[in-house]
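Residue numbers (our numbering): 1 to 111. Take a look at the structure below.
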């Protein structure tokens, strides 16, 4: 799917993608995860995971989330050129960067 096609994705399709990703994350998000976002306006959708500290355990969980998301996407008729996980480490002492797309998870943090 090209960028133009992504821009034309129906609201129902966008909501379905977000629901599938949210379901894939159920029970897999640790307290180390600060934010998860997906950008549906790119040809290959980046799924960005922001961790407070680098963690092999969380990276394994992220691989599981992406695998589960991939399986869920096979069950629906939504055009997709693919997606890729991005893992970024941003300590709690730093503000989260602005990210394009939709925030699927955002950890509540002290101000």
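We treat Cβ as the ideally placed atom computed from N, Cα and C, and that holds for glycine. Just so we're clear, the structure is a prediction, and the values are computed from it rather than from any experiment.
Separation of the CB atoms of residue 23 and residue 82 is rounded to 19 Å, and the pair is thereby denied contact status at 8 Å.
Around residue 87, the same chain offers 49, 51, 59, 62 as residues with beta carbons nearer than 7 Å, after the five sequence neighbours per side are excluded. Rounded to whole angstroms, the separation of the alpha carbons of residue 85 and residue 99 is 14 Å. Nearest Cα to residue 66 within the set 110, 106, 17: 17. Boundaries of the beta strand (DSSP E) harbouring residue 34: 33-38, taken from the DSSP string.
DSSP places residue 60 in the helix class (H, G or I) of the three-state scheme. It is roughly 20 Å from the alpha-carbon of residue 33 to the alpha-carbon of residue 45.
About 15 Å separates the CB atoms of residue 37 and residue 89; that is not less than 8 Å, and the two are not in contact. Of all alpha-carbon atoms in 55, 28, 9, 26, the one lying nearest the alpha-carbon of residue 39 is that of 9. About 7 Å separates the beta carbon of residue 109 from that of residue 92, a gap short enough to meet the 8 Å contact definition. Assignment of residue 70 by DSSP, reduced to helix, strand and coil, places it in the helix class.
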